[in-house]
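At position 4 of the sequence shown the residue is numbered 46 (my numbering), and the sequence of numbers has no breaks. The beta-carbon is built from N, C-alpha and C at its ideal position, and this holds for glycine as well. Structure record follows, encoded as C-alpha coordinates.
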Amino acid sequence: MSKLALFPYLAATALLGSCTMTQPSDPATKLMFVDDVLNNWHADASAGRFESYFDAMTDNSVFLGTDATERWTKEEFMGYAREPFSDGNGWTYTPSDRFVAFDEDGDTAWVDELLTNEKYGTLRGTAVLRLVGNDWKIAHYSLTFLVPNEKAADVVRVIADN
(Lines of atoms letter the chains of each structure in order from A and count residues from 1; the text may use other names and numbers.)
(Lines give C-alpha, C1' and ligand atoms only; values in the text may rest on other atoms or scores of the structure.)
Protein backbone atom coordinates (compact mmCIF):
# COMPACT_ATOMS: atom_id res chain seq x y z
CA MET A 1 0.00 0.00 0.00
CA SER A 2 1.38 3.40 -0.91
CA LYS A 3 2.06 6.14 1.61
CA LEU A 4 -0.59 8.27 -0.05
CA ALA A 5 -3.22 5.57 0.43
CA LEU A 6 -2.40 5.46 4.16
CA PHE A 7 -3.00 9.20 4.58
CA PRO A 8 -6.79 8.99 5.27
CA TYR A 9 -6.23 6.33 7.95
CA LEU A 10 -3.45 8.31 9.61
CA ALA A 11 -5.49 11.51 9.50
CA ALA A 12 -8.52 9.78 11.04
CA THR A 13 -6.35 8.23 13.75
CA ALA A 14 -4.80 11.60 14.60
CA LEU A 15 -8.19 13.29 14.68
CA LEU A 16 -9.78 10.64 16.89
CA GLY A 17 -6.73 10.54 19.13
CA SER A 18 -7.06 14.24 19.82
CA CYS A 19 -10.65 13.85 21.02
CA THR A 20 -11.14 13.52 24.76
CA MET A 21 -14.24 12.45 26.58
CA THR A 22 -15.60 14.99 29.00
CA GLN A 23 -18.40 14.74 31.49
CA PRO A 24 -21.65 16.31 30.28
CA SER A 25 -22.72 19.35 32.25
CA ASP A 26 -26.48 18.80 32.23
CA PRO A 27 -27.90 17.58 35.56
CA ALA A 28 -29.93 14.69 34.09
CA THR A 29 -26.85 13.15 32.49
CA LYS A 30 -24.76 13.68 35.63
CA LEU A 31 -27.50 11.99 37.63
CA MET A 32 -27.42 9.05 35.23
CA PHE A 33 -23.64 8.68 35.69
CA VAL A 34 -23.90 8.84 39.50
CA ASP A 35 -26.76 6.31 39.48
CA ASP A 36 -24.70 3.99 37.28
CA VAL A 37 -21.69 4.18 39.61
CA LEU A 38 -23.78 3.33 42.67
CA ASN A 39 -25.88 0.64 40.96
CA ASN A 40 -22.74 -1.03 39.60
CA TRP A 41 -21.01 -0.70 42.97
CA HIS A 42 -23.85 -2.50 44.75
CA ALA A 43 -23.96 -5.16 42.00
CA ASP A 44 -20.18 -5.63 42.26
CA ALA A 45 -20.51 -6.17 46.01
CA SER A 46 -23.24 -8.75 45.53
CA ALA A 47 -21.19 -10.63 42.93
CA GLY A 48 -17.95 -10.35 44.92
CA ARG A 49 -16.17 -8.40 42.16
CA PHE A 50 -13.41 -7.04 44.38
CA GLU A 51 -11.41 -5.02 41.85
CA SER A 52 -14.31 -3.19 40.21
CA TYR A 53 -15.98 -2.59 43.59
CA PHE A 54 -12.93 -0.79 44.93
CA ASP A 55 -12.11 0.90 41.62
CA ALA A 56 -15.37 2.83 42.11
CA MET A 57 -13.91 4.48 45.22
CA THR A 58 -11.42 7.33 45.47
CA ASP A 59 -7.97 6.48 46.80
CA ASN A 60 -8.68 8.39 50.02
CA SER A 61 -12.28 7.21 50.43
CA VAL A 62 -13.85 6.29 53.76
CA PHE A 63 -16.52 3.66 54.43
CA LEU A 64 -18.59 3.80 57.62
CA GLY A 65 -20.27 0.53 58.55
CA THR A 66 -23.17 0.03 60.92
CA ASP A 67 -20.99 -0.65 63.98
CA ALA A 68 -19.39 2.29 65.80
CA THR A 69 -15.96 0.69 65.27
CA GLU A 70 -16.39 0.44 61.50
CA ARG A 71 -14.64 3.49 60.10
CA TRP A 72 -12.39 2.27 57.33
CA THR A 73 -10.06 3.92 54.88
CA LYS A 74 -10.18 2.35 51.43
CA GLU A 75 -7.13 0.24 52.24
CA GLU A 76 -8.62 -0.96 55.55
CA PHE A 77 -11.97 -1.67 53.91
CA MET A 78 -10.22 -3.70 51.21
CA GLY A 79 -8.65 -5.81 53.95
CA TYR A 80 -12.05 -6.36 55.54
CA ALA A 81 -13.79 -7.18 52.24
CA ARG A 82 -11.19 -9.55 50.80
CA GLU A 83 -12.54 -12.59 52.68
CA PRO A 84 -16.29 -12.12 51.98
CA PHE A 85 -15.56 -11.34 48.32
CA SER A 86 -13.22 -14.32 47.86
CA ASP A 87 -16.05 -16.76 47.09
CA GLY A 88 -17.69 -14.45 44.54
CA ASN A 89 -20.57 -13.42 46.77
CA GLY A 90 -19.71 -10.41 48.92
CA TRP A 91 -22.85 -8.82 50.35
CA THR A 92 -26.15 -7.78 48.83
CA TYR A 93 -27.83 -4.45 49.47
CA THR A 94 -30.46 -3.60 46.89
CA PRO A 95 -30.99 0.14 46.39
CA SER A 96 -34.44 1.64 45.94
CA ASP A 97 -35.27 5.28 46.67
CA ARG A 98 -32.27 7.44 45.86
CA PHE A 99 -31.90 11.20 46.13
CA VAL A 100 -28.94 13.05 44.57
CA ALA A 101 -27.86 16.68 44.86
CA PHE A 102 -24.90 18.35 43.15
CA ASP A 103 -22.73 21.25 44.25
CA GLU A 104 -22.65 24.47 42.22
CA ASP A 105 -19.57 23.34 40.28
CA GLY A 106 -21.23 20.03 39.43
CA ASP A 107 -18.25 17.93 40.50
CA THR A 108 -19.52 16.72 43.87
CA ALA A 109 -22.70 14.73 44.49
CA TRP A 110 -24.43 14.03 47.79
CA VAL A 111 -26.56 10.92 47.86
CA ASP A 112 -28.94 9.22 50.22
CA GLU A 113 -30.60 5.95 49.31
CA LEU A 114 -32.71 3.25 50.87
CA LEU A 115 -31.28 -0.25 50.70
CA THR A 116 -32.79 -3.64 51.34
CA ASN A 117 -30.80 -6.53 52.78
CA GLU A 118 -32.14 -10.03 53.42
CA LYS A 119 -30.71 -10.19 56.96
CA TYR A 120 -31.07 -6.56 58.09
CA GLY A 121 -34.15 -5.31 56.26
CA THR A 122 -34.23 -1.66 55.22
CA LEU A 123 -31.12 0.47 55.74
CA ARG A 124 -29.93 3.85 54.54
CA GLY A 125 -26.77 4.56 52.64
CA THR A 126 -25.40 8.06 52.36
CA ALA A 127 -22.58 8.94 50.03
CA VAL A 128 -20.41 11.68 48.63
CA LEU A 129 -19.18 11.18 45.07
CA ARG A 130 -16.50 13.28 43.41
CA LEU A 131 -15.78 13.78 39.75
CA VAL A 132 -12.18 12.57 39.37
CA GLY A 133 -11.00 13.31 35.85
CA ASN A 134 -13.94 12.01 33.80
CA ASP A 135 -15.08 9.41 36.34
CA TRP A 136 -17.46 9.70 39.26
CA LYS A 137 -15.93 8.02 42.32
CA ILE A 138 -17.27 7.30 45.80
CA ALA A 139 -15.33 9.39 48.31
CA HIS A 140 -17.44 8.61 51.37
CA TYR A 141 -20.13 6.03 52.11
CA SER A 142 -22.06 5.45 55.33
CA LEU A 143 -24.39 2.53 55.98
CA THR A 144 -26.94 2.93 58.78
CA PHE A 145 -29.74 0.97 60.36
CA LEU A 146 -33.09 2.73 60.33
CA VAL A 147 -34.85 2.69 63.68
CA PRO A 148 -38.50 3.75 63.96
CA ASN A 149 -38.78 6.54 66.54
CA GLU A 150 -41.20 4.54 68.68
CA LYS A 151 -38.59 1.72 68.91
CA ALA A 152 -35.55 3.95 69.54
CA ALA A 153 -35.61 3.70 73.35
CA ASP A 154 -35.75 -0.11 73.15
CA VAL A 155 -32.87 -0.22 70.68
CA VAL A 156 -30.77 2.14 72.81
CA ARG A 157 -31.42 -0.09 75.84
CA VAL A 158 -30.31 -3.21 73.95
CA ILE A 159 -27.13 -1.46 72.82
CA ALA A 160 -26.44 -0.16 76.34
CA ASP A 161 -26.82 -3.68 77.78
CA ASN A 162 -23.94 -4.84 75.61
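Please determine if the stretch 151-165 and the stretch 117-128 are in contact, where contact requires at least 3 C-beta pairs separated by less than 8 Å. Contact fails: fewer than three Cβ-Cβ distances are below 8 Å.
Just to confirm my understanding: we take Thr168, look at its own chain, exclude 5 residues before and 5 after, and list those with CB closer than 6 Å. What are they? Answer for Thr168: Asp154 and Ser184, listed in chain order.
Quickly, what does DSSP pair Thr164 with across the bridge? List them, please. Paired residue(s): Thr158.
Val170 versus Thr134, Asp77, Asp68 and Ala70, residue with shortest Cα-Cα distance: Residue Asp77 holds the alpha-carbon nearest to the alpha-carbon of Val170 among Thr134, Asp77, Asp68 and Ala70.
Residue range of the unbroken beta strand (DSSP E) whose run includes Arg140: Membership of Arg140 in the beta strand (DSSP E) is indicated by the continuous run Thr136 to Phe144.
Taking just the CA atoms, how far does Asn176 sit from Leu58? For Leu58, the predicted structure reports a pLDDT of 47, less than 50, and the residue's modelled location is therefore unreliable. The matter cannot be settled from this model.
Is DSSP giving Ala195 helix, strand or coil here? DSSP places Ala195 in helix when its eight states are reduced to three.
Out of Ala70, Asp68 and Met99, state which residue places its alpha-carbon closest to the alpha-carbon of Trp83. For the residues Ala70, Asp68 and Met99, the minimum Cα distance to Trp83 belongs to Met99.
Are the CB atoms of Leu80 and Arg140 within a distance shorter than 9 Å? Yes, these two residues count as a Cβ contact at 9 Å.
Excluding the five sequence neighbours on either side, which residues of its own chain have a C-beta within less than 6 Å of the C-beta of Val142, listed in chain order? Within the same chain, and ignoring the five residues on either side of Val142 in sequence, the residues whose Cβ sits closer than 6 Å to its Cβ are Leu73, Val76, Ala151 and Val153.
Report all residues from its chain with a CB closer than 6 Å to the CB of Asp149; omit the five preceding and five following residues, and keep chain order. Around Asp149, the same chain offers Leu173 as residues with beta carbons nearer than 6 Å, after the five sequence neighbours per side are excluded.
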